[in-house]
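S.K.: Dropping the structure in here first, questions after.
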Amino acid sequence: MKYKSLLILMLFTICTASAQNKPSVHNLTGTYELVTVDNIAADGSRTHLYGDSPKGIFVIDAMGHYALQIYSEGRLKFASGDKAKGTDEENQAAIKGCNAHYGTYKVEENNIIFNIEHASFPNWEGTQQKRPFTISGDIFKYIVPAPTTGGAITGEVVWKKLSESEFTGFKN
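Sequential numbering of the sequence shown, starting at 31, is according to the working numbering.
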């Protein structure tokens with residue numbers, strides 16, 4: 031009996047220590063609204079890649095799934111009203127004006143690692159993308175070491191976590 035108690039105590043201690051060493055995703059889960067998306071050049075200059083007031087949503091759950099969408103402000107509608115009949119210019123503007131992907135994620139130290147299943151930028155599909163992040167209050171910010179625009183720049187994406195009362199869907 032005393033060995034059984036000792037074994038149970040040892041297992042409890044091991045499980046507790048193991049749980050404490052696992053990264054917590056509790057503080058990341060929720061729904062976020064996009065604040066800014068900037069490309070930052072080597073000289074520190076910034077480009078608002080999706081305009082001064084981009085739109086977007088980022089949903090992350092405790093089961094390890096995420097989905098995010100980013101859109102430029104003021105995107106133009108297709109003149110024909112038919113996506114299949116878009117002009118080259120309309121299609122180019124539509125694809126340049128959005129970035130979306132979804133899949134699973136994990137957290138390791140101060141990095142979020144996206145396992146991207148599908149993306150509006152097909153080159154990211156099936157890849158793993160590591161993003162260093164910081165959290166300050168309800169602000170979640172991560173760095174994109176190799177943005178979709180390429181070149182010697184990094185991306186910075188800032189999200190604001192919404193409370194349940196704040197999230198009522200998108201507003202125009």
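Glycine included, C-beta positions come from ideal geometry on N, C-alpha and C.
Using C-beta distances below 6 Å, list every residue in its chain close to Arg76, excluding the 5 sequence neighbours before and after it, in chain order.
M.R.: Hits under 6 Å: Asp68 and Ile70.
S.K.: Going by DSSP, what residue range makes up the beta strand (DSSP E) through Asp68?
M.R.: Taken as a continuous stretch (DSSP letters only), the beta strand (DSSP E) holding Asp68 covers Gly60 to Ala71.
S.K.: Are three or more beta carbon pairs between the segment 134-147 and the segment 108-126 nearer than 8 Å?
M.R.: No, the segment 134-147 is not in contact with the segment 108-126.
S.K.: Could you say which of Trp154, Lys160 and Gly181 lies nearest to Glu139 if we only look at CA atoms?
M.R.: When each option's Cα is compared against that of Glu139, the closest is Lys160.
S.K.: When you compare each of Asp82, Gly74 and Pro152 to Thr66 by their alpha carbons, which one comes out closest?
M.R.: Of the listed residues, the one whose Cα sits closest to Thr66 is Asp82.
S.K.: Going straight from the alpha carbon of Asp203 to that of Ser150, what length do you get?
M.R.: An answer regarding residue 203 cannot be provided, because it is not within the stretch 31 to 202 covered by the chain.
S.K.: In the DSSP assignment, the beta strand (DSSP E) including Lys190 goes from what residue to what residue?
M.R.: Note, Lys190: beta strand (DSSP E), Ile183 to Lys191.
S.K.: In angstroms with no decimal places, state the Cα-to-Cα distance between Val55 and Ser102.
M.R.: With a pLDDT of only 42 at Val55, under the threshold of 50, the placement of this residue in the model should not be trusted, and no figure is reported.
S.K.: Return the CA-CA distance between Ile142 and Gly94, expressed in angstroms with no decimal places.
M.R.: When rounded, the distance between both Cα atoms is 11 Å.
S.K.: Nearest CA to the CA of Pro177: which residue from Arg105, Cys128, Gly116 and Thr164?
M.R.: Closest by alpha carbon: Cys128.
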